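Notes to accompany the following structure.
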Amino acid sequence: MAQPFPSLRELARYKVAELPNVTLQIMPLDASPHPGTTGGFSLVGFPGLMPEVVLLENLIGASYVEAVDEVQIYANAFERVVASALSSDNSLALITRRMEEGTRP
-11 MAQPFPSLRE LARYKVAELP NVTLQIMPLD ASPHPGTTGG FSLVGFPGLM
39 PEVVLLENLI GASYVEAVDE VQIYANAFER VVASALSSDN SLALITRRME
89 EGTRP
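Right, here's the structure in full:
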């Protein structure tokens, strides 16, 4: 019999969180207000001298923010989102605790 596909919690705890290029953080429902609630964005960095850009996706396509001062606004927003979330260690501890309790993180 085939093994069932692992749950998101198992992937998060045992696979994704161990990757060197991944930071796993949980945003608690009672987190302080942060700019992450205004819509998603991807801050994209490139190796070398290429500057970062912001990718904004929506239902009809995507757009890119390339102006350095505008990209900095998104970089600052990202830092605020990260600061509002649980730390990586606390996020993993929460996932582990909830897995042991059999409840959702």
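Take the sequence shown: its letter number 1 is residue -11 in our numbering, and every next letter is one higher.
Ideal placement from N, C-alpha and C gives every residue a C-beta, glycine not left out.
Note that the coordinates shown come from a computational prediction; the quantities given were computed from them, not determined experimentally.
Asked	Found
Buried versus exposed call for V56 [16 or more other C-beta atoms within 10 Å across all chains shown]	exposed
Simplified DSSP state of V70, which is helix, strand or coil	helix
Selection from E88, F66, D77 that minimises the alpha carbon distance to T145	The requested residue 145 does not occur in the structure, where the chain is confined to residues -11 to 93.
Residue span of the beta strand (DSSP E) that contains S30, given as start and end	30 to 32
Euclidean distance between Cα positions of E40 and S76	24 Å
Span of the beta strand (DSSP E) around E45	41 to 46
N46 versus N78 - alpha carbon distance	32 Å
DSSP beta-bridge partners of Y52	L43
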